[in-house]
Every structure is written in structure tokens, then in C-alpha cells.
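Count along the sequence shown from 1, then add 2; that gives the number in the numbering used here.
Note that CB positions come from ideal geometry on N, CA and C, so glycine has one too.
What follows is a single structure, written as C-alpha cells, with notes after it.
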Amino acid sequence: MKKNSWFLTAVLVGALVWTNDSAHAEVPFSTETESSEDQAESEKEQEHALYIDGQLQTYTGEPIFHEGVLYVTVQAAVKALNEKAEIEKNVPYAEASSPYEYLDRKNNIEEVHNREAVRVDVLQELGIKAEWLENPGRLHLETADLLAVDSLQIGDTMDEVDSQFDVHWNTGYGQPADYIGFYGDMHEFTYTDRYGKERFGEVPDLQFEITDDSLTYMIISSSDYETAKGVSVGDSLFDVTRAHGSDYVEEKQDGKTIYIYHVKGGSLWFIADDDRNVERIGLWRFQLEGYEM
């Protein structure tokens, strides 16, 4: 799956399914391990990656294993907490002058391998989700459910979708998907086909796909809904990068510009028109080959 020229055409009828060839093992996350000090030092020497909300961190330092405990640098901790505060105003450290001041006052800053560091379990107590993945080793910190709209998220069951929206369901029409669902008003959507001809179609406020009783994608075409970081249809691609970061894959297909963000467990697609304004937003359970996280 090197190119996805069929993507925009496919989402008009909701008949798109991807396969994920990732062989990465996902393991339950724990900040305490049974490793000996020698094992911890050996782990320290390996290169581990840190992601905050799907964005690879290159300037905050790698995760640190020390005496069986997982840490991040204080710079990474402060960045994650600042990102959390942008989304959620009533964070425990809201009254502090800065997350650093709060962590320092609570004696949560330790010196590890000659660096100021914070235990990952401290961040978890402050509402940051954390998960360690193997092969290669990497730590994901998440400040919000990035693959969610309102209280509905990728992976929910068909009943959970129906409990929130009065969805009109169609069968998958011979596609791998079991059901394609439509909700809300219809909106005109134009695109350019492979022959350069402009095509017209209609898309609903929300579109869903169910496979094996699991929600595998949501597509938003209405400004009434937004991502966890506050981006909605009608916003510009500049708004997208300001909210979600600069680490994305850019595609130009069917006369559209698409920014694709890979996050833990899936990807976010922002489809923009000639004026670089977002027309549709896709939340997906799958990731492009070569970008699995």
C-alpha cells in the first residue's frame, strides 16, 4: 500500500478497508519491572523512542530505565502536561505557575543518569495515558483519546455506536466491512477523478464502518464535531498542524491535500480543498504501511 489514489473515491461510498501488516507486539504497560540493575543498565543503552500524542520527540530525550522504573526527562514531562492543559482546563496543576513548578513542589523531579527526570507513573496519576510497545521499544504518552469523537471511539461495538447516534446501517455490499453507517445531514463533496474530470457526491455528517462488531473508522463531514484537540471541518491545515503537530504524511490525491497523522492504534486523516480548508476528517483503526507505530 504505497499509494492511496483510491482513498477519496472510496470514502464516498464507505467501502474502504485496509490491512495492517505490523508485527509489533503490544504489551500491558507497567512502570515497575522485575529487571535487575544490570538489566536496567543494559536497557538504558538501547535506543528507545518517545511519542507524545503520536508525535516523535527528538529534542526531549529518550525514555530512561533506572532500577526497574521507567522515567522521562523533565522536558518531556512538562511538554506532555502542557499538551494536556491545552485540552483539559481543570488539570491538577492548573493553579501552579507551570508544570515544572508543580512537579518540583511535589518532589516529583529526580536526578537520573545526570538528568532531571520524572517517573512515568507520576504522569499517569496526572491523567496522561502511557503505554510501552516492543520491537522496537517505544513509549507512547497520550493526553487525550485521539481516535474519539464525543464519547465514541475507534474499537467501540455497533451497539455502542447505536447508543449515541440513530445510525442508518447498510451492509458492506460484498466488501470486508460488515456494515457501513450514515448519520445526519448530507453535504456536497467534489473531487477530481483519475481522468481530470470533476465529480460530485453527497456525504453525511458522520460515516461509520463496522467489522467484526468493532468500529474501524469514522469520517466527519460536519463542523458540529471535532477531534480531541479541537480541529473541525472548516478549519485550515495550519490549524491542523498547530493542534496536532508537524509530524505527518502529506498526500495529494483527487485534487485534495491530505494530512495523515499516525497515532497509537490508528491514524487521523485531514482532507482539505484547494484553499487548504478541511472538508472531511477520518479516524481510522489502521495505519499506512511503513508508518506503523
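- Task: Counting only runs of 4+ residues fully inside the region 74-101, write out the alpha helix (DSSP H) ranges in chain order.
- Result: Segments of the alpha helix (DSSP H) lying fully in the region 74-101: 76-89.
- Task: Give me the Cβ distance between Thr-75 and Glu-118, rounded to the nearest whole Å; I'm assuming they're in contact under 8 Å.
- Result: On the sequence shown, residue 75 is found 73 positions in, with the first residue counted as 1. On the sequence shown, residue 118 is found 116 positions in, with the first residue counted as 1. Contact flag correct, Cβ pair sits at about 7 Å.
- Collapsed DSSP secondary structure at Leu-125 in the structure displayed: Position 123 of the sequence shown, counted from the start, is the residue given in the question as residue 125. Three-state DSSP puts Leu-125 in a helix.
- Message: In the DSSP output, what is Val-151 paired with across the bridge?
- Response: Locating residue 151 in the sequence shown gives position 149, counting from the first residue. DSSP output for Val-151 lists Leu-154 as bridge partner(s).
- Query: Buried or exposed: where does Glu-281 fall if 16 or more other Cβ atoms within 10 Å of its Cβ makes it buried?
  - Reply: Here residue 281 corresponds to residue number 279 of the sequence shown, with the count starting at 1. Counting Cβ neighbours within 10 Å, Glu-281 comes out buried, since at least 16 surround it.
- Item | Cα-Cα separation between Asp-277 and Leu-208, rounded to whole angstroms | As a first step, residue 277 must be located in the sequence shown, where it is residue number 275. As a first step, residue 208 must be located in the sequence shown, where it is residue number 206. Their backbone Cα atoms lie some 23 Å apart in a straight line.
- Task: Buried or exposed for Gly-56, please, with buried defined as at least 16 other CB atoms from any protein chain shown within 10 angstroms of its CB.
- Result: As a position in the sequence shown, residue 56 is number 54, starting the count at 1. Burial state of Gly-56 is buried, judged by a 10 Å Cβ sphere holding 16 or more other Cβ atoms.
- Gln-166 - DSSP class collapsed to helix/strand/coil: Numbered from its first residue, the sequence shown carries residue 166 at position 164. Reduced to three states, the DSSP call for Gln-166 is helix.
- When the Cα atoms are used, what is the spatial distance from Leu-141 to Asp-241? As a first step, residue 141 must be located in the sequence shown, where it is residue number 139. As a first step, residue 241 must be located in the sequence shown, where it is residue number 239. C-alpha separation (whole angstroms): 26 Å.
- DSSP three-state assignment for Phe-240, whether helix, strand or coil: By one-based count along the sequence shown, residue 240 stands at place 238. Phe-240 sits in a helix when the DSSP states are folded into three classes.
- Message: Tell me the residue span of the beta strand (DSSP E) that contains Pro-206.
- Response: Taking the first residue of the sequence shown as position 1, residue 206 is located at position 204. Pro-206: member of the beta strand (DSSP E) spanning 200-213, first to last residue.
- Task: Spell out a yes or no on whether the region 182-193 and the region 154-172 are touching, meaning 3 or more CB-CB pairs, one atom from each, closer than 8 Å.
- Result: Enough Cβ pairs lie closer than 8 Å, so yes.
- Query: Where Gln-77 and Glu-97 are concerned, what is the direct C-alpha to C-alpha distance, given to the nearest angstrom?
  - Reply: For the purposes of this step, residue 77 is taken as the residue at position 75 of the sequence shown. For the purposes of this step, residue 97 is taken as the residue at position 95 of the sequence shown. When only Cα atoms are considered, Gln-77 and Glu-97 end up about 20 Å apart.
- Of the residues Thr-229, Leu-52, Ser-238, which one's Cα is nearest the Cα of Glu-136? Here residue 136 is taken as the residue at index 134 of the sequence shown, counted from 1. Leu-52 is the residue among Thr-229, Leu-52, Ser-238 whose C-alpha sits nearest the C-alpha of Glu-136.
- Message: Please report the straight-line C-alpha distance between Leu-83 and Asp-237, rounded to a whole angstrom.
- Response: In the sequence shown, counting from the first residue as 1, residue 83 sits at position 81. In the sequence shown, counting from the first residue as 1, residue 237 sits at position 235. Looking at the two C-alpha atoms, the distance is approximately 25 Å.
- Task: Answer with buried or exposed for Tyr-73, where buried requires no fewer than 16 other C-beta atoms within 10 angstroms of its C-beta.
- Result: Here residue 73 is taken as the residue at index 71 of the sequence shown, counted from 1. By the neighbour-count rule (16 or more Cβ atoms within 10 Å), Tyr-73 is buried.
- Excluding the 5 residues preceding and the 5 following Gly-232 in the sequence, name in chain order all residues of the same chain whose CB lies nearer than 8 Å to its CB. Along the sequence shown, one-based indexing puts residue 232 at 230. Excluding positions up to five away in sequence, the list reads Ile-89, Ala-245.
- Excluding five sequence neighbours on each side, which residues of the same chain lie with their C-beta closer than 6 Å to the C-beta of Arg-287? The sequence position of residue 287 within the sequence shown is 285, counting from 1. Once the five neighbours on either side are set aside, the close Cβ partners of Arg-287 are Ile-156, Thr-218, Gly-268.
- Where Tyr-250 falls: helix, strand or coil (DSSP): Taking the first residue of the sequence shown as position 1, residue 250 is located at position 248. Tyr-250 falls in the coil class under three-state DSSP.
- If you follow the beta strand (DSSP E) that Ser-269 is part of, which residue opens it and which one closes it? Taking the first residue of the sequence shown as position 1, residue 269 is located at position 267. Start and end: 268-274.
- Message: So, under 8 Å CB-CB, Ala-230 and Ala-146 are touching, yes? Tell me the CB distance rounded to an integer number of Å.
- Response: Indexing the sequence shown from 1 puts residue 230 at position 228. Indexing the sequence shown from 1 puts residue 146 at position 144. Right, the Cβ-Cβ distance comes to about 4 Å (below 8 Å), so this counts as a contact.
- Can you give me the start and stop residues for the beta strand (DSSP E) that Tyr-193 sits inside? Here residue 193 is taken as the residue at index 191 of the sequence shown, counted from 1. First-last of the beta strand (DSSP E) with Tyr-193: 181-194.
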